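Participant: Chains as they are written, first to last, in the working numbering: chain A, 56 to 496; chain B, 56 to 496. Cβ atoms here follow ideal geometry from the backbone N, Cα and C, with glycine treated the same way. Computed from a predicted structure; not experimentally measured. Shown below is the structure under consideration.
2 protein chains.
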Amino acid sequence: MSKRGDLDKLPAQDLGSVNTMSGDHEVVAGGGLLHRRIFLQGGGLAAAAFAAPGIARAETLDVPAWTKNPEGYFSGYGAPSRFEADVQRGPIGDQNPLYASGPGGIRAPIHALEGMITPNGLHFEITHNGIPDIDPDAHRLVIHGLVERPLSFSLDALSRYPMTSRVTFVECAGNSGALVRPTAVPGNAQTLHGLVSCAEWTGVSLAVLLAEAGVDPKAKWLLAEAADPSSVSRSIPIAKAMDDAMIALYQNGERIRPSNGYPMRLLVPGYQGNMNVKWLRQLKLTEAPMQTRYETSRYSLLLDGGRVAQYKFQLDAKSVIVRPSPGMGMNGPGLYEISGIAWSGAGKVRKVEVSADGGQSWAEAALSEPVLSKALTRFRMPWRWDGGPAVLQSRVTDESGYVQPTRDALIAERGQKNFYHCNCITSWAVDAEGSVAHVYA
Amino acid sequence: MSKRGDLDKLPAQDLGSVNTMSGDHEVVAGGGLLHRRIFLQGGGLAAAAFAAPGIARAETLDVPAWTKNPEGYFSGYGAPSRFEADVQRGPIGDQNPLYASGPGGIRAPIHALEGMITPNGLHFEITHNGIPDIDPDAHRLVIHGLVERPLSFSLDALSRYPMTSRVTFVECAGNSGALVRPTAVPGNAQTLHGLVSCAEWTGVSLAVLLAEAGVDPKAKWLLAEAADPSSVSRSIPIAKAMDDAMIALYQNGERIRPSNGYPMRLLVPGYQGNMNVKWLRQLKLTEAPMQTRYETSRYSLLLDGGRVAQYKFQLDAKSVIVRPSPGMGMNGPGLYEISGIAWSGAGKVRKVEVSADGGQSWAEAALSEPVLSKALTRFRMPWRWDGGPAVLQSRVTDESGYVQPTRDALIAERGQKNFYHCNCITSWAVDAEGSVAHVYA
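Here's what the structure looks like:
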């Protein structure tokens, strides 16, 4: 499971009794899944012993070169280690890799990340026509339409309002869409599912600003428009605007970055990514939705029989195992941690189950606290790989009781013309050499 | 409160009834503090109206230059806006600003941040002799001493163990130490209190690794040593190691950065920052503490009468208002949000109170959810500034019932020779021009 190849450089040694405790692990499902109590403080204590390559009886304590060399530089704004240079976002498809004019995107390396927070430098991004270079002092947010008082806010004016923070995921409606294709695309966690990220966002509750402008009772929708060259615009139900929508100014503590909407974006937790309109410049209150390009020809679900599911905003529950995943080979039989992310636009993750035998048997994974509404939730499952073929799957249930569907069930419901909102179970096949591949199972 | 100066560039306009709702705000303490219910969804709705410079009746919706110019570039690893170039960490004192050899540090710009998460590029850093450039494949963590099986772990071996994530603050024991000086230092939030940050850390529970090595019942302490050229080493009680200590590998989702301990650091939540030993290379279990330099001549509290409080590990509860704070001028009378951070090494923040009249009267602030144990907690307080002099203070109470002391009370207890663990109340004076300064009150 190393991303640097074989790290087992220590000479083979007698590991003595290190292995002996492994009999304590309780097998809870097929293929070697172990009880999640190994993650609990007391349980883990008695049940450790992940004897693995790279663990060795300590003989000496060498002093490496870097301990003898007192040099180094601080920086006003830091960067990752040079040894992590391969942990990068990757462009979508064949687009000119980094030029963002026209529709494009860049996927988060979810296979290399841990926990629930996506660092800002690795948050996924989608643009529809470039990244505008906005002067924050000149930018204005205008609220108008069916209001008592059309208002224009500078960034400084917004900054005096009561703020609120929340950890929430943003996911592109097209994320995971390749799973509707007839045969399994040979992708990995990043290329198949990397259009989702999670951050702590801080800004002004939209309900507060709408109260400031005075909402005409006839207003049932609002149009949110971006200041980018494609003028991305989406119709948002007024009920969502009054519920948990936010004009976000900060992402993980610092100002939102240009490609994520600097200096401000709309945040509609749990809704399609593009509805979290970046570079937000106007909110126009209306009686009806506006039928913009981005809610007609894009981001609507084309069903069988010529039907279209339009205005399906909420992203249903999804989960994916990110370690192991394609490109990250197993390093010999033994104990591993299966690690993955789960989320739901409907609220909190209630539970995640994992299967190592292609869905024949399931066992419940441990969830990392805090489990937050509409946020990525990290799940973990101990697994003793016997060195034989296995098919790994995860299945989330959210607090509404919704259960992540199989691929067959999702396609039976929607057909294969639509690739939006694809949230079916992903299967990773492990072969006897320890390679991992995307399969349909 | 603008950090870009006067942003009120719109022509003065009739704001109509925008001001009229402000009478709904309930004053709850002296100097114009308002009830925190303004932050609640329903309450905020009825009680908005922060009429302020920069808010104007919207007349036109101009199309700015950046909307006409479809260009921009993605990057594999992103960066903040060029307009945020002044949001930087700042060096301590007169040290060669960025060269890290010898003891040095760099402070987080806490005045410019929001929420609870510190982005990795702005996390504070302290080094004792440079930042080692560690090859993660060659690095080993050795656990030895009073154990049944001395063991050596590669990074890859550690990565197979069950992991755990938690959001926790790290704070230098010397943070805020200037407040013991006889006269108030003319600093700001960053220079006085910027040696604290908060991140989501992920790694392997130390209890699991100690179980793997087998703890000799005689072991009551362990020595944690860094691989940096100063070999920072600290004695940790075995009880803490078995409780919530972690070998952290990830910070806010990505690998820990070099200056924060790449590829691994010890995390002892709520304890002095230096005990979260970076670049961790050995844990040696012992019967007694080792009396290293960093627990004798450094990081012990020199009290009056020649006494020393050694092995005081836990950081007591502290809070500080970061907005407004020195360097961030007020922009005319009216409604503002007071925003700050609070934390405690003992557990969760129970409440934060704010005073606008130098401690004569107090009112309870709103806390941003989730309130997590040993994590930064964001507090917010609505305030109507009348344009006259005011003294802003905050006071945290943690879940143990401990209340942040006044400066006089802290000095009465410890004297003024010691500057470690300084957690007294900070006072910011606002004058009639809207300037903010550090004072003793």
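Which same chain residues end up closer than 6 Å to D299/B when comparing Cβ atoms and leaving out the 5 residues on each side of it in sequence?
Facilitator: Along the second sequence, read from residue 1 onward, the residue named residue 299/B stands at position 244. If we look at D299/B and ignore the five residues flanking it on each side, its Cβ neighbours are P324.
Participant: Would you please verify whether the beta carbon of K123/A is less than 9 Å from any beta carbon of chain B?
Facilitator: Looking up residue 123/A in the first sequence gives position 68. Taking Cβ atoms only, chain B reaches closer than 9 Å to K123/A, which makes this a yes.
Participant: Between R312/B, S207/B, Y391/B, V485/B, which has its C-alpha nearest S256/B's C-alpha?
Facilitator: Position 201 of the second sequence, counted from the start, is the residue given in the question as residue 256/B. According to the sequence provided, residue 256/B is Trp. The question's Ser does not apply to it. With distances taken between Cα atoms, W256/B lies closest to R312/B.
Participant: Just how far apart, CA to CA, sit F224/A and V202/B?
Facilitator: Taking the first residue of the first sequence as 1, we reach residue 224/A at position 169. Taking the first residue of the second sequence as 1, we reach residue 202/B at position 147. Cα to Cα, F224/A sits roughly 43 Å from V202/B.
Participant: Answer with buried or exposed for D441/A, where buried requires no fewer than 16 other C-beta atoms within 10 angstroms of its C-beta.
Facilitator: Your numbering for residue 441/A matches position 386 in the first sequence. Exposed, because fewer than 16 other Cβ atoms sit within 10 Å of the Cβ of D441/A.
Participant: Below 8 Å, can you find three or more Cβ-Cβ pairs linking the stretch 447 to 467 of chain B to the stretch 345 to 358 of chain B?
Facilitator: Contact fails: fewer than three Cβ-Cβ distances are below 8 Å.
Participant: Find the residues of chain A that neighbour N175/B, judging by a C-beta separation of less than 7 Å, and give them in chain order.
Facilitator: What you label residue 175/B is simply residue 120 of the second sequence in a count that begins at 1. Correct list: G133, P174.
Participant: Return the chain-ordered ranges of every beta strand (DSSP E) run that is complete within the stretch 256 to 342 of chain A and spans a minimum of 3 residues.
Facilitator: Taking only runs of at least 3 residues, the beta strand (DSSP E) segments lying wholly in the stretch 256 to 342 of chain A are 276 to 281, 288 to 292, 301 to 306, 320 to 322, 335 to 341.
Participant: Extract the residue ranges of the alpha helix (DSSP H) inside the stretch 114 to 181 of chain B, only unbroken runs of 4 or more that lie entirely within it.
Facilitator: Complete alpha helix (DSSP H) runs here, min 4: none at all.
Participant: Quick check on Y391/A: does DSSP put it in helix, strand or coil?
Facilitator: On the first sequence, position 336 is the one that residue 391/A refers to. Y391/A: strand per DSSP, three-state reduction.
Participant: Of all Cβ atoms in chain A, is any one closer than 9 Å to the Cβ of N307/B?
Facilitator: The residue labelled residue 307/B in the question sits at position 252 within the second sequence. True, the Cβ-Cβ gap to chain A drops below 9 Å.
Participant: Where does G489/B fall in DSSP's three states?
Facilitator: Position 434 of the second sequence, counted from the start, is the residue given in the question as residue 489/B. Of the three classes helix, strand and coil, the one that applies to G489/B here is coil, per DSSP.
Participant: Identify the contact partners of L390/B in chain C, using a Cβ-Cβ distance below 7 Å as the criterion.
Facilitator: The question asks about chain C, but that chain is absent: this structure's protein chains are A and B.
Participant: Look up Q448/B in the DSSP assignment and give the residues it is bridged to.
Facilitator: Translated into the one-based positions of the second sequence, residue 448/B becomes position 393. For Q448/B, which the question treats as bridged, DSSP gives the partners S410/B, S482/B.
Participant: For a contact meaning CB atoms closer than 7 Å, what does A155/A contact in chain B?
Facilitator: As a working note, residue 155/A is residue 100 in the first sequence. Residues of chain B passing the Cβ test: G127, Y128, F129.
Participant: K403/A by DSSP, collapsed to three states: which one?
Facilitator: If you number the first sequence from 1, residue 403/A lands on position 348. K403/A: coil per DSSP, three-state reduction.
Participant: Going straight from the alpha carbon of K373/A to that of S399/A, what length do you get?
Facilitator: Position 318 of the first sequence, counted from the start, is the residue given in the question as residue 373/A. Position 344 of the first sequence, counted from the start, is the residue given in the question as residue 399/A. Using only the alpha carbons, I get a separation of about 6 Å.
Participant: Count the other C-beta atoms from every protein chain shown that fall within 10 angstroms of the C-beta of V377/A, then say buried if there are 16 or more, exposed otherwise.
Facilitator: Taking the first residue of the first sequence as 1, we reach residue 377/A at position 322. Buried, because 16 or more other Cβ atoms sit within 10 Å of the Cβ of V377/A.
Participant: Just how far apart, CA to CA, sit C479/A and K123/A?
Facilitator: The sequence position of residue 479/A within the first sequence is 424, counting from 1. The sequence position of residue 123/A within the first sequence is 68, counting from 1. About 52 Å.
Participant: DSSP on E350/B, reduced to helix/strand/coil?
Facilitator: Working through the second sequence from its first residue, we reach residue 350/B at position 295. Helix at E350/B.
Participant: Leaving out five residues on either side along the sequence, give the residues of the same chain with a beta carbon under 7 Å from the beta carbon of G97/B.
Facilitator: Here residue 97/B corresponds to residue number 42 of the second sequence, with the count starting at 1. Bear in mind that the predicted position of G97/B carries a pLDDT of just 41, short of 50, making it unreliable; the figure below should be weighed with that in mind. Taken in chain order, the list of residues that qualify is empty.
Participant: Mapping the DSSP letters down to three states, classify H248/B as helix, strand or coil.
Facilitator: Working through the second sequence from its first residue, we reach residue 248/B at position 193. Here H248/B sits in helix by DSSP.
Participant: Kindly indicate the opening and closing residues of the alpha helix (DSSP H) around L370/A.
Facilitator: Within the first sequence, numbered from 1, the residue matching residue 370/A stands at position 315. Note, L370/A: premise wrong, no alpha helix (DSSP H); not H, not E.
Participant: With a CB to CB cut of under 7 Å and the five nearest residues on each side skipped, what residues in its chain are close to R405/B?
Facilitator: If you number the second sequence from 1, residue 405/B lands on position 350. Answer for R405/B: T452, D453, E454, listed in chain order.
Participant: So, at 6 Å on beta carbons, what are the nonlocal neighbours of A484/B in its own chain, with the 5 sequence-adjacent residues on each side left out?
Facilitator: Position 429 of the second sequence, counting from 1, holds the residue named residue 484/B. Only V446, A492, V494 meet the Cβ criterion.
Participant: If I'm right that L177/A touches A163/A with Cβ under 8 Å, what's the distance once you round it to whole angstroms?
Facilitator: Here residue 177/A refers to the residue found at position 122 of the first sequence. Here residue 163/A refers to the residue found at position 108 of the first sequence. At roughly 5 Å, the Cβ-Cβ gap stays under 8 Å, so L177/A and A163/A are in contact.
Participant: Are there three or more Cβ pairs, one per stretch, closer than 8 Å when the stretch 284 to 300 of chain A is compared with the stretch 207 to 218 of chain A?
Facilitator: Because the criterion of three Cβ pairs below 8 Å is not met, the stretch 284 to 300 of chain A and the stretch 207 to 218 of chain A do not touch.
Participant: Let me know the secondary structure DSSP gives A193/A once reduced to three states.
Facilitator: Within the first sequence, the letter at position 138 stands for residue 193/A. Coil, per DSSP.
Participant: Could you check if Q143/B is buried or exposed, using at least 16 other CB atoms within 10 Å of its CB as the buried criterion?
Facilitator: Here residue 143/B refers to the residue found at position 88 of the second sequence. Buried.
Participant: Which of the three DSSP states, helix, strand or coil, is assigned to G98/A?
Facilitator: Along the first sequence, read from residue 1 onward, the residue named residue 98/A stands at position 43. In this prediction, G98/A scores a pLDDT of 43, lower than 50, which makes its location untrustworthy; the coordinate-derived value is nonetheless stated afterwards. In the structure shown, G98/A sits in a helix (DSSP, three-state: H, G or I).
Participant: Is it true that the stretch 164 to 171 of chain A meets the stretch 240 to 258 of chain A, where meeting means three or more beta-carbon pairs spaced less than 8 Å apart?
Facilitator: Output reads yes: the stretch 240 to 258 of chain A touches the stretch 164 to 171 of chain A.
Participant: Near Q369/A, what residues of its chain come up, given a Cβ to Cβ distance below 7 Å and the 5 sequence neighbours on each side ignored?
Facilitator: Translated into positions along the first sequence, residue 369/A becomes position 314. Same-chain partners within the cutoff: G325, Y326, G400, A401.
Participant: Against chain B, does I110/A count as a neighbour if the rule is that its beta carbon must be under 9 Å from one of theirs?
Facilitator: The residue labelled residue 110/A in the question sits at position 55 within the first sequence. Output row for I110/A: interface = yes.
Participant: Just how far apart, CA to CA, sit P272/B and I293/B?
Facilitator: Residue mapping note: residue 272/B aligns to position 217 of the second sequence, counting from 1. Residue mapping note: residue 293/B aligns to position 238 of the second sequence, counting from 1. Taking the straight line joining both Cα atoms gives about 10 Å.
Participant: Where does G442/A sit, in a helix, a strand or coil, going by DSSP?
Facilitator: The residue given as residue 442/A occupies position 387 in the first sequence. Reduced to three states, the DSSP call for G442/A is coil.
Participant: Just how far apart, CA to CA, sit T481/B and E408/B?
Facilitator: Looking up residue 481/B in the second sequence gives position 426. Looking up residue 408/B in the second sequence gives position 353. Those two C-alpha atoms are separated by around 13 Å.
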